[in-house]
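Engineer: As they're listed, the protein sequences go chains A and E.
So for the first sequence, UniProt numbering puts the first residue at 1; every next one is plus one.
So for the second sequence, UniProt numbering puts the first residue at 1; every next one is plus one.
All C-beta atoms in this analysis are idealised placements derived from N, C-alpha and C, irrespective of residue type, glycine included.
Note that the structure is predicted; figures quoted are calculated from it, not measured.
There are 2 protein chains.
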Amino acid sequence: MTLYWYGNDMIVVDAGLKFPEEDMLGIDIVIPDITFLVENREKIRGIFLTHGHEDHIGGLPYILRELNVPVYGTRLTLGLVENKLREHGLLDTAKLNVMDGRSNIQAGVFQVSLFYVNHSIPDTTGFAIETPEGLVVHTGDFKFDQTPVDGRQADIHKLAAFGARGVLALVGDSTNAERPGYTPSELTVGEKINEIVANATGRVIMSTFASNIHRLQLMIRAAEQHGRKVAVVGRSMVNNIQTSLQLGYLEALPETIIDADDVNRIDPEKLVILSTGSQGEPMSALTRMARAAHRKIEIMPGDTVVLASSPIPGNEKYVARTIDQLFRAGANVIYRGVHASGHGSQEELKWMLSLVKPKFFLPVHGEFRMQRTHANLAMEVGVEEENIFITELGDVVEFENGRARLGGKVPAGTVMIDGLGVGDVGNIVLRDRKLLSQDGILVVVVTLSKATGHILSGPDIISRGFVYVRESEALLDEANKLVESTLIKLVTDNVSEWSSLKTAVRDSLGRYLFEQTRRRPMILPIIMEA
Amino acid sequence: MTLYWYGNDMIVVDAGLKFPEEDMLGIDIVIPDITFLVENREKIRGIFLTHGHEDHIGGLPYILRELNVPVYGTRLTLGLVENKLREHGLLDTAKLNVMDGRSNIQAGVFQVSLFYVNHSIPDTTGFAIETPEGLVVHTGDFKFDQTPVDGRQADIHKLAAFGARGVLALVGDSTNAERPGYTPSELTVGEKINEIVANATGRVIMSTFASNIHRLQLMIRAAEQHGRKVAVVGRSMVNNIQTSLQLGYLEALPETIIDADDVNRIDPEKLVILSTGSQGEPMSALTRMARAAHRKIEIMPGDTVVLASSPIPGNEKYVARTIDQLFRAGANVIYRGVHASGHGSQEELKWMLSLVKPKFFLPVHGEFRMQRTHANLAMEVGVEEENIFITELGDVVEFENGRARLGGKVPAGTVMIDGLGVGDVGNIVLRDRKLLSQDGILVVVVTLSKATGHILSGPDIISRGFVYVRESEALLDEANKLVESTLIKLVTDNVSEWSSLKTAVRDSLGRYLFEQTRRRPMILPIIMEA
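#1: Since Gln-279/A is in the beta strand (DSSP E), which residue starts that stretch and which ends it?
#2: Beta-carbon separation of Ile-31/E and Val-495/E under 9 Å?
#3: With the cut-off set at 9 Å, would you say Asn-83/A and Thr-243/A are in Cβ contact?
#4: Relative to chain E, which residues along the stretch 433-451 of chain A have a C-beta separation below 7 Å, given in chain order?
#5: Answer with yes or no whether the minimum CB distance from Met-528/E to chain A is below 9 Å.
#6: Are any of the Cβ atoms in chain A nearer than 9 Å to that of residue 553/E?
#7: What are the boundary residues of the beta strand (DSSP E) that Leu-91/A is part of?
#8: Output the residue ranges of the beta strand (DSSP E) runs that lie fully inside the stretch 271-355 of chain A and measure 3 residues or longer, sorted by chain position.
#9: Compare the C-beta of Ala-320/E against all C-beta atoms of chain A and say whether one is closer than 9 Å.
#10: Return yes when at least one heavy atom of the ligand COA lies under 8 Å from the C-beta of Val-13/E, else no.
#11: Please classify Ser-457/E: does DSSP put it in a helix, a strand, or coil?
#12: Could you check what DSSP says for Met-99/A in three-state terms: helix, strand or coil?
#13: Within 8 Å, do at least three Cβ pairs link the stretch 258-270 of chain A to the stretch 178-198 of chain A?
#14: Would Asp-92/E be called buried (16 or more neighbouring beta carbons within 10 Å of its own) or exposed?
#15: Between the stretch 175-184 of chain E and the stretch 204-218 of chain E, do at least 3 Cβ pairs fall closer than 8 Å?
#16: What would DSSP say about Gly-59/E, mapped onto helix, strand or coil?
#17: First and last residue of the beta strand (DSSP E) that includes Ile-29/A?
#18: Write down every uninterrupted run of the alpha helix (DSSP H) in the stretch 406-494 of chain E whose length is 4 residues or greater and which is fully enclosed by it, in chain order.
#19: Which stretch, first to last residue, makes up the beta strand (DSSP E) that contains Ser-211/E?
#20: According to DSSP, is Gly-126/A part of a helix, a strand, or is it coil?
#21: Would you list, in chain order, the members of the stretch 301-315 of chain E that have their beta-carbon closer than 7 Å to a beta-carbon of chain A?
#22: Helix, strand or coil: which one does DSSP assign to Phe-389/A?
#23: Using a Cβ-Cβ cut-off of 7 Å (strictly less than) and excluding sequence neighbours within five positions of Asp-14/A, which residues of its own chain qualify?
#24: Need the endpoints of the beta strand (DSSP E) that Ile-44/E sits in, please.
#25: If you measure beta-carbon to beta-carbon, which residues of the stretch 178-207 of chain A are closer than 9 Å to chain E?
#26: Within the 9 Å Cβ cut-off, does Met-379/A reach chain E?
#27: Using a beta-carbon distance below 9 Å, is Gln-516/A in contact with chain E?
#28: May I have the straight-line CA-CA distance separating Glu-386/A from Gly-366/A, to the nearest angstrom?
#29: Tell me whether Asn-104/A is buried or exposed, calling it buried when 16 or more other Cβ atoms sit within 10 Å of its Cβ.
#30: Distance check for Glu-348/E and Gln-153/E, CA to CA, integer angstroms please.
#31: Could you give the distance in angstroms between the alpha-carbon of Lys-359/E and the alpha-carbon of Gly-126/E?
#32: Using a Cβ cut-off of 9 Å (strictly closer), state whether Phe-361/A contacts chain E.
#33: Taking Cβ-Cβ distances shorter than 8 Å, what residues in chain E pair up with Val-467/A?
#34: Comparing the C-beta of Gly-458/A with each C-beta of chain E, is any distance below 9 Å?
#35: Tyr-182/E by DSSP, collapsed to three states: which one?
#36: Roughly how many whole angstroms lie between the Cα atoms of Gly-302/E and Leu-501/A?
Shown next, in the form of structure tokens:
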């Protein structure tokens, strides 16, 4: 999420979510902290969306809940947004405005137009933002594909015109900054897909990102060219294909797509199945098929299974596991070489910099090392080192009278969502979940007499996630005796303060268990009074 | 771990450990289940170790504890084993026997000799096992390096002689079976290291696997060739280098290696630091240096940091995080292209098969897809498909009179080690840890009167890892009231059976919390009597 701010006017570009890191136990998704937006709600003139990927639109429902400002984007992007808002019950009140190549939106002092770029989802754009200080070019996610699947080239002439006019700043996608050379055209993936379908003797099951409409188009074309029908499985795949067909972003002959329920009525060599699961997601269609746990489809020897994707960093083991299961099920598995990135490599990044010729440059949308490397590329093509800003969440870059500088920070960060709760799981809860996940918990309960302070009932020790009780009875019996003697001693010494009692139990029990087991379960002493 | 068994004689090849999968919460290491070995202890004639990597020797202490049988291996391998056994207090009673290229060990009916191969640790061997049914060649982990760093070529002439004589079965390393072509020589890594050290203006900090003595030798040579001293940080790195120098597997001039405490007295351009942390391990030296948390060394602009390694599958995110932090600290980070695998690729695997010309083939040491691909390679070079066995843990392959078949299973599997406990953390404990890690725990405590069954104290609800209490007081208050009314109703209806009370509390509270939060914390109802 990027905020452009001039005086009393603000516009927001993108409103994404990200998936939790491994140590964010139990967290479902992570969205931007919009405290600053909420504090300045009366200034916000609109939210502009570059494209329909989750890391650019996934956070929108949570934001519109708080600030129902106008939303702008291309038709497919807003089509995917509508589905989301419907799920959140926000569609009726949302103000969605479709933009295209001729749009020129006045949003406060800002004048926003778009330029098309290529990416792994159609209808992807960057924004040209006219400001009183000059023109800012916000690339969004991009690649330059000279042979795009949908025939729509990137707006290189618009970019050249911006550069000729004079651009104040370029805010650019750093995702593939570390990769030398060029990113291959999506058409090369189409050639591989055609080859695979042409040579397959049985069914072909293909999996890719459900949002990669271009690649799904290539798969549908390949099926049609080889006289095969297409069935679709996996909720997100079914939804995306439906939406894309309706809006005209996907083309298929009327008889091509059949119902998934009918797959077993088609000859194997006349069938292509498009499926979710290219990232090894546990509940996805392909993963369930591989485990023979899918209601409609089971992987069989003779099947050709194609993972037309690349593992997102962090998912490598899940993907490997799925590939292994597919092999075991007897499929011929193709899992390398049927992919092209949706982001430009170093040469494309240099093209963007050279076309736009910005005075200032902000490499964004990447880890620090990618930003750093992108900054080096910018210097190679002539941007001054002191005019490059490598920013973090919350950083402000101020432009005034042709100069730019880092101008402090605004409240920013991430908010974790768990179930229905937004932001109610903080560091303490995560820390506790981490402790619990490592060595479990011991609950020590005792009831003391209100009158005398003596033990009326207990102590009882209940453990979860610590040891298998049947095998460790002796250990827990000893632990129980230890707690009992600890408490009796304190009560005899007239220590009645509960916090002291709890601390004593926690310390002595913790020490004992660590000596015996080298483990540190969470210890929860509970004192009742009766 | 592989077991060779003939009549009353058994020998074991390798005794490794593996690191836990992500879902094995709180587990430290995983070792083989040796139930079958223990049941047959009087038959076991010896344990033969191919090389000193953890996945081949890490489990040995746990096995020797139960079965103190003779152990055989090369000098460096046993040197590393000694360190382990010393830590476990088993060194005094262990029977360690050094083998070399001329050894011929009679172990029951088996006659075991070794052949040297190349790998990412010196003194790596395979075993030639003479059995009454014929000769079995057990490759261990191997590559063929035509220009090995330590000058010791693989014993290709021995392998050729085996093949000429006639080999019953080959048991072969499948790790890189999916990789086409050849694995580059370790010397190519040396060339890159030399280039980096030659061009570096400040300090050079290099990290690789602490066991890759070959690569450490290349780094030491490069330092000496460029007039630099070498300091070593990281416990495993210090230990391995010490052991290797003592045993003669590493060569360094007397003045080359300096104390890590003296690094700040040496000019930066005269210093090479060898460090642990190439896998982004959180507590390793390099990771702490990157976070400015190392006692002796801090990363500074001007430093060249080299990660001479490749992320082990599963570690990609940790490595990326470390690289990012190194970039932020201002270092020039080189993290690609300074590595060569220790395992042969497809061409080397075919060389092994062609030299040995086995009748039967067992592809091992890899996931199913690697075994499957290795089997395909074997068929390419002429092994009959029905003579190839893709095995899983516990599978038995029987050889009799020149024939072979799958012969059932023996008890086998994995045992998880957590702290001092061996095998006492089973599936139930892991499942509980998983539940706790996702949504935490609610403990509901109430004290009932022994006499009347009425509530004397409570209910009290204590939560950990569920919600941040201060923000969720209302929710927990409501939950409390719900539990109270549930219990009162049951007590009034004369339901006194504790299991019924607990179930009722768990059900009603669970339902309520899921409706309110879409989360499912573990619910632990505890009833005390007084």
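Structural biologist: A quick look at the data gives this:
#1: Along the first sequence, read from residue 1 onward, the residue named residue 279/A stands at position 279. Note, Gln-279/A: premise wrong, no beta strand (DSSP E); not H, not E.
#2: Indexing the second sequence from 1 puts residue 31/E at position 31. Indexing the second sequence from 1 puts residue 495/E at position 495. No, they are not a contact pair.
#3: On the first sequence, residue 83/A is found 83 positions in, with the first residue counted as 1. On the first sequence, residue 243/A is found 243 positions in, with the first residue counted as 1. Yes.
#4: Arg-433, Leu-436, Ser-437, Gln-438, Asp-439, Gly-440, Ile-441, Val-443, Val-445 and Thr-447
#5: Along the second sequence, read from residue 1 onward, the residue named residue 528/E stands at position 528. Answer yes: the Cβ-Cβ gap between Met-528/E and chain A drops below 9 Å somewhere.
#6: The displayed coordinates of chain E run from 1 to 530. Any statement about residue 553/E would go beyond what the structure contains.
#7: Against the first sequence, residue 91/A aligns to sequence position 91. That residue, Leu-91/A, is in no beta strand (DSSP E); it is neither H nor E in DSSP.
#8: 271-275, 304-307 and 332-334
#9: Locating residue 320/E in the second sequence gives position 320, where the first residue counts as 1. So yes, Ala-320/E belongs to the interface.
#10: Looking for the ligand COA in the displayed structure turns up nothing, as the structure carries no ligands at all.
#11: Locating residue 457/E in the second sequence gives position 457, counting from the first residue. In this structure, Ser-457/E counts as strand in the three-state DSSP scheme.
#12: Within the first sequence, residue 99/A is the residue found at index 99, counting from 1. Three-state DSSP puts Met-99/A in coil, outside helix and strand.
#13: no
#14: Here residue 92/E refers to the residue found at position 92 when the second sequence is read from its first residue. Exposed is the call here.
#15: no
#16: Here the question's residue 59/E lines up with position 59 in the second sequence. Note: Gly-59/E maps to coil in three-state DSSP.
#17: In the first sequence, counting from the first residue as 1, residue 29/A sits at position 29. Where Ile-29/A is concerned, the enclosing beta strand (DSSP E) stretches over 29-32.
#18: 427-439 and 473-492
#19: Translated into the one-based positions of the second sequence, residue 211/E becomes position 211. Neither: Ser-211/E is in no beta strand (DSSP E) and is coded neither H nor E.
#20: The residue labelled residue 126/A in the question sits at position 126 within the first sequence. Correct three-state label for Gly-126/A: strand.
#21: Pro-313 and Gly-314
#22: Position 389 of the first sequence, counted from the first residue, corresponds to residue 389/A. Here Phe-389/A sits in coil by DSSP.
#23: The sequence position of residue 14/A within the first sequence is 14, counting from 1. Same-chain partners within the cutoff: Met-1, Thr-2, Leu-49, Thr-50 and His-56.
#24: As a first step, residue 44/E must be located in the second sequence, where it is residue number 44. Counting along the chain, the beta strand (DSSP E) containing Ile-44/E begins and ends at 44-48.
#25: Glu-178
#26: If you number the first sequence from 1, residue 379/A lands on position 379. So, not an interface residue.
#27: For the purposes of this step, residue 516/A is taken as the residue at position 516 of the first sequence. Yes - at least one Cβ of chain E is within 9 Å of the one on Gln-516/A.
#28: For this step, residue 386/A is matched to residue 386 along the first sequence. For this step, residue 366/A is matched to residue 366 along the first sequence. So the alpha carbons of these two residues sit roughly 20 Å apart.
#29: Taking the first residue of the first sequence as 1, we reach residue 104/A at position 104. Asn-104/A is exposed by the Cβ-count criterion.
#30: Counted from its first residue, the second sequence places residue 153/E at position 153. Counted from its first residue, the second sequence places residue 348/E at position 348. For Gln-153/E and Glu-348/E, the distance between alpha carbons rounds to 14 Å.
#31: In the second sequence, the residue the question calls residue 359/E occupies position 359. In the second sequence, the residue the question calls residue 126/E occupies position 126. Those two C-alpha atoms are separated by around 18 Å.
#32: One-based indexing of the first sequence puts residue 361/A at position 361. No, Phe-361/A lies away from the interface with chain E (no Cβ there is under 9 Å from its Cβ).
#33: Residue mapping note: residue 467/A aligns to position 467 of the first sequence, counting from 1. Correct list: Gly-421, Asp-424, Val-425 and Val-429.
#34: Along the first sequence, read from residue 1 onward, the residue named residue 458/A stands at position 458. Output row for Gly-458/A: interface = yes.
#35: Counting from 1 along the second sequence, the entry for residue 182/E is found at position 182. Correct three-state label for Tyr-182/E: coil.
#36: Position 302 of the second sequence, counting from 1, holds the residue named residue 302/E. Position 501 of the first sequence, counting from 1, holds the residue named residue 501/A. Roughly 55 Å separates the two Cα atoms.
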